[in-house]
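**Student:** For reference, the structure I am asking about is given below.
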Amino acid sequence: MDNRDPLMIEIESIRNRLSEALEALEAIRSGGVDALVVYGGEHGEQIYTLEGADQIYRVMVETINEGAATLSEDGVITWANAYLAEMLKIPLETLLGSQILTYIAPGDRKTFEAVLLKSRKEKYKTELDLQALDGSFIPVLASFSPIISSGQTTIAMVTADLTEHKLNIEIAAAERVAKAIIEQAAEYIVVCDKDGKIVQASQSALQLTGDNPMFKSFHEAFPLSYEANSQTGTPFSIEAVLSGEAFKGIEASLNIPNKATSLVLHLSAKHLHIPGNGKLGCVITMTDVTERKQAEQDILRYAKRLESSNKDLEDFAFIASHDLQEPLRKIQSFGKLLIDNYHDRLNETGVDFIHRMQEAASRMEKMISDLLAYSRVGRQGRSFETVDLNNVCARVLMDLESRIVTTGAQIEVGELPTIEADSLQMHQLLQNLIGNAIKFHKPGERPEINVSSRWIQNEGYKPQQPHTSEIEILIEDNGIGFDMQYLERIFQPFQRLHGRSEFEGSGIGLSICCRIVERHYGSITATSRPDVGSIFSLRLPVHQNQHEP
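In structure tokens, the structure reads:
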């Protein structure tokens, strides 16, 4: 018999026992063993229950809808349930043995370190944010309890997900805020359910008709009469709103029986969809515009009266100016006859009187002619058309050629735009302004005049809406200038800053310019310094498609 057989048998026995030990250790590790039975020794057979191995509690901790873990004193995860791994979106085997601080939101890490230290000796609760593997944050209520066994301290941590709870709190808070806003709003606000019944209303809406509108249909609670919707032509209806149609700025009127009055309201409405349950409803806002509407009507009536009054004045000026021309012609004619036929019978004083009379009549004729021109701006204006101001300015310079040659004026004209305007009035406008620049030059000095333009983009300018842009035309001279305190005066009819002996004219030219610019929905102004010169600025819209001529 081979003496190695007993050794082989012993080795095989040891292998079997080792295999059984490994299986038992694995069962202990996996929680499949609740207790150990130890045989022999001076105490005989002994049973040792494993700490925390109670099957009922172990199953409970594994299946609760809260994250649970045990931590070492320095924060290493020694055990965790599947729910915590699911919260952190990380495999359970990766979670075990890792540092818990890795999964704490950066802003809460200092607090967590202090809590972990405190939890070695006592229980503690706090709210903090966990950070999942994908970077998202999970608000939790974390509870910590120390577990001391065999002189070692383990910290049990349980985390309750507060995401839904916090969302509910935020929703409730938002609802409270919304309710407070609705109740305290000055506007009349009502909220209707999917059947069009009023379920919420502002205090002002509750007091509007004197009757409680709650749980009544909107049309019953507020019997409004509506103007047609300017876009669809259909009247407002709660059914249309509930089906998804939105209304804004619909004008409606409401009779208040107990006050014997009527309100004008602007009504806006939009449907509501509650996520999650699919419930529909709508919110309706009514704004009282009664006073504003009345003011608008008053302004319209005043504007019509003013327009009528201005037309009457224009008609009177036109008729009066026209009728005055005939007597003036007779005065001039008779004065000429006196000079021609009775000159030898008149002494020197008489002839002087007749000459003065004729000069006064000539001035009067010029004033009447200018007054007629002033009234024609509004009466006989032509329709707006496309006008190239370069061509207009060229014709103006041809008309002023004699004065330009006489004074030696040097006039430079830059590139001018094409706009929508009355071409004849543009001619008159530029002729008056350039003519004034020539006329009011400094004695003994050649007039220097520069005509230029630039584009101006108004606030809210959009390329597809070109009428939002304007052009500015500048007429600059080196003439005598004027004191800026007289700026408004120079645009008034028959106002002169200089005597007739110094400069000819009736003093109505700039008034005509002002009326022409106003008719074109523009503006005119000037800057000047005595003995330095003046700059007249015209602003005109490029397009008149939003105005009537």
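Take 2 as the starting number for the sequence shown in our numbering and just add one per residue.
Ideal Cβ positions, reconstructed from N, Cα and C, are used throughout, including at glycine.
Please read these numbers as outputs of a predicted model, since none were measured by experiment.
#1: Contact defined as beta carbons within less than 8 Å: I believe S218 pairs with K198. What is the distance between those atoms, to the nearest angstrom?
#2: What separation, rounded to the nearest whole angstrom, lies between the Cα atoms of E123 and S146?
#3: Alpha carbon to alpha carbon, how far is E114 from M215?
#4: Which first and last residues belong to the alpha helix (DSSP H) in which D478 is found?
#5: For the structure I just gave you, are there three or more beta carbon pairs, one from the region 419-430 and one from the region 439-454, closer than 8 Å?
#6: Using the C-alpha atoms, what's the distance from N213 back to T288?
#7: Tell me the DSSP secondary structure of G108 in three-state form.
#8: Ignore the nearest five residues each way along the sequence and tell me which others in P531's own chain have a CB closer than 8 Å to its CB.
#9: According to DSSP, is Q208 part of a helix, a strand, or is it coil?
#10: Have a look at the DSSP bridge pairing and note the partners of F537.
#11: Please identify the residue among K167, S73, D299 and Q411 whose C-alpha is closest to the C-alpha of A157.
#12: Would you report the Cα separation of E297 and I513, rounded to the nearest angstrom?
#13: Quick one: is I285 buried, meaning 16 or more other Cβ sit within 10 Å of its Cβ, or exposed?
#14: Using only the alpha-carbon positions, how far apart do L118 and P140 sit?
#15: Check whether the Cβ atoms of L434 and L390 sit closer than 9 Å, and answer yes or no.
#16: Using 8 Å for Cβ pairs, my map puts Y553 next to L129. What's the rounded Cβ distance?
#17: Quick one: give me the first and last residue of the beta strand (DSSP E) that S263 is part of.
#18: N348 lies in the beta strand (DSSP E); which residues open and close that run?
#19: According to DSSP, what are the bridge partners of F138?
#20: If the criterion is Cβ atoms closer than 9 Å, does the pair K331 and Q359 meet it?
#21: With respect to the alpha helix (DSSP H) encompassing A241, which residues constitute its N-terminal and C-terminal limits?
#22: Which one or two residues does DSSP pair with R396 in a beta bridge?
#23: Starting from E87 and walking both ways along the alpha helix (DSSP H), at which residues does that stretch end?
#24: Which same chain residues end up closer than 7 Å to S226 when comparing Cβ atoms and leaving out the 5 residues on each side of it in sequence?
#25: From A362, E446, E240 and P448, pick the residue whose C-alpha is nearest to that of L273; which is it?
#26: Are the Cβ atoms of E489 and G534 separated by less than 9 Å?
#27: Could you check the C-alpha separation between A54 and C193 for me, to the nearest Å?
#28: Tell me the rounded alpha-carbon separation between I190 and L281.
#29: By the 10 Å Cβ neighbour count, where 16 or more other Cβ atoms means buried, how is H344 classified, buried or exposed?
#30: Using alpha carbons as the reference points, say which of R447, P444, V414 and E446 lies closest to L431.
#31: Using alpha carbons as the reference points, say which of T408, L339 and T387 lies closest to T419.
**Tutor:** Looking at the atomic coordinates:
#1: 6 Å
#2: 6 Å
#3: 55 Å
#4: First-last for D478: S470 to D478, but that is the beta strand (DSSP E), not the alpha helix (DSSP H).
#5: no
#6: 19 Å
#7: helix
#8: I481, G482, F483 and D484
#9: coil
#10: I476 and A527
#11: Relative to the Cα of A157, the nearest Cα in the group K167, S73, D299 and Q411 belongs to S73.
#12: 31 Å
#13: buried
#14: 21 Å
#15: no
#16: The structure shown does not extend to residue 553, since the chain spans only 2 to 550, so no value can be given for it.
#17: T262 to H274
#18: It is not in any beta strand (DSSP E) - N348 carries neither H nor E in the DSSP assignment.
#19: Q132
#20: no
#21: I239 to L243
#22: In DSSP, R396 forms no bridge with anything.
#23: A83 to M88
#24: A253 and S254
#25: If we check each option's Cα against that of L273, E240 comes out closest.
#26: no
#27: Bear in mind that a pLDDT of 46 at A54, under 50, signals an unreliable position, so the number given afterwards is only what the model happens to contain. Each residue's alpha carbon lies about 59 Å from the other.
#28: 17 Å
#29: exposed
#30: Comparing Cα-Cα distances from L431 to each of R447, P444, V414 and E446, the minimum goes to V414.
#31: T387
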